[in-house]
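Comments concern the structure below.
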Amino acid sequence: MNLLTKFETVEIKADTRISETDRNFCAAHQAAYESARTSLAELGFIWNDMLNQQSELLTPTGASSETYLVTYDALKLSDYAIQQQIHSLHPQFISQIVSYFSKTYHFSINTNEITYNLIPQKPADRWKDNYKELIEKYMKDMDELSLSYTDVLEQIFLQTGGRAFFEQALHELKEKCHQAAWITSNGKPRFEQKKSTIQFTGYACSFRDWYGGGVWELSSGTKDILRGIAHFETGMFGTVPCSLSRILGRYDSSDSQHEFPDCEKLQSLRMFKNGRVDIKFTSEAHAAQFIEDYLKTIC
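Taking the numbering used here, the leading residue of the sequence shown gets 312, the next gets one more, and so forth.
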């Protein structure tokens with residue numbers, strides 16, 4: 312199999328691993344990206360023609376060819392500005408594709424890594440003897456660069472280790488729950504099940520005196536566990552029961568106890584001044600299942 316055939320096979324594989332809705336989104340941005348590249352290049356030709364005409368007309372007077380084309384507080388155009396706009400299309404295209412999949416499937420993607428892998432890097436050392444040649448080559452490469460959304464997809468799949476996007480989202484969620492529930496240095500758990508309640512220790516929350524009252528705050532790790540519980544409750548990403556969403560959206564609270572009446576598996580949460588948090592499920596079986604699926608294993 313030659314290199315071209317192999318690349319085409321990879322493209323087909325990436326494109327078939329996404330939904331029709333995803334493909335429509337990508338195709339729309341692909342078309343807009345390519346149209347913008349073409350239109351801006353045409354604008355460059357038009358702009359140069361305008362400059363040439365103005366130069367011919369104004370040469371006898373010694374005035375600049377931009378005298379009537381560019382003003383301080385209105386239109387500002389130049390070859391350089393048009394070229395820079397063309398070059399900016401490449402990272403913008405990558406960003407749009409990455410942002411869509413990250414938000415739609417709720418997992419993190421390293422945009423900088425993808426940009427680095429797909430876009431030529433501008434020479435950094437200005438003191439190299441061949442810097443001028445290098446920068447000319449870089450500008451030419453950027454002018455000619457044409458990305459495909461399948462290029463971006465392949466980079467995303469490389470970051471997920473080949474996992475489907477829903478699998479990657481669940482993997483990251485469980486990994487965060489596991490990190491919050493275990494002590495990395497000694498491998499000991501920060502939690503203990505007592506019937507239908509899971510007790511979390513090790514600064515799972517904090518308490519501050521505030522004008523004679525008190526303010527409670529859940530740790531970021533405990534909130535990660537609650538996000539895991541939200542998925543355990545609904546089986547979906549981005550869908551969180553209202554009572555659970557309220558506590559996740561708060562920075563702090565004046566109440567140490569919270570009930571979750573719109574949940575079927577989760578019943579209540581209670582915070583203690585020693586940093587312990589008790590999360591009670593509606594049954595002992597639900598508590599054990601959450602531990603098994605979200606705290607003990609990483610898919």
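Cβ atoms here follow ideal geometry from the backbone N, Cα and C, with glycine treated the same way.
If the criterion is Cβ atoms closer than 8 Å, does the pair residue i and residue j meet it?
i: S366; j: S376; result: yes
i: Y416; j: A480; result: yes
i: A596; j: I536; result: no
i: G586; j: C488; result: no
i: F502; j: I509; result: yes
i: L400; j: R348; result: yes
For a test of the three-state rule: what should DSSP assign to residue i, helix, strand or coil?
i: W358; result: helix
i: K443; result: helix
i: H542; result: helix
i: H398; result: helix
i: K505; result: strand
i: E483; result: helix
i: P611; result: Nothing can be reported for residue 611, as the shown portion of the chain is limited to 312 through 610.
i: D333; result: helix
i: R437; result: coil
i: K448; result: helix
i: E424; result: helix
i: G532; result: helix
Exposed or buried, what is residue i when buried is set at 16 or more other beta-carbons lying within 10 Å of its beta-carbon?
i: M582; result: buried
i: Q395; result: exposed
i: G472; result: exposed
i: I357; result: exposed
i: W527; result: buried
Short of 7 Å in beta carbon distance, which residues of its chain neighbour residue i, apart from the five on each side in sequence? Order them along the chain.
i: T327; result: none
i: G549; result: H417
i: F404; result: H340, Y344, L458
i: A338; result: none
CB-CB under 6 Å to residue i, same chain, minus the five flanking residues each way: which ones, in chain order?
i: H569; result: I558, L580
Practice item. Would you check if the stretch 438 to 448 and the stretch 391 to 407 touch, i.e. whether three or more CB-CB distances between them fall below 8 Å? Key: no
Given 8 Å, three or more beta-carbon pairs between the stretch 399 to 418 and the stretch 458 to 472: yes
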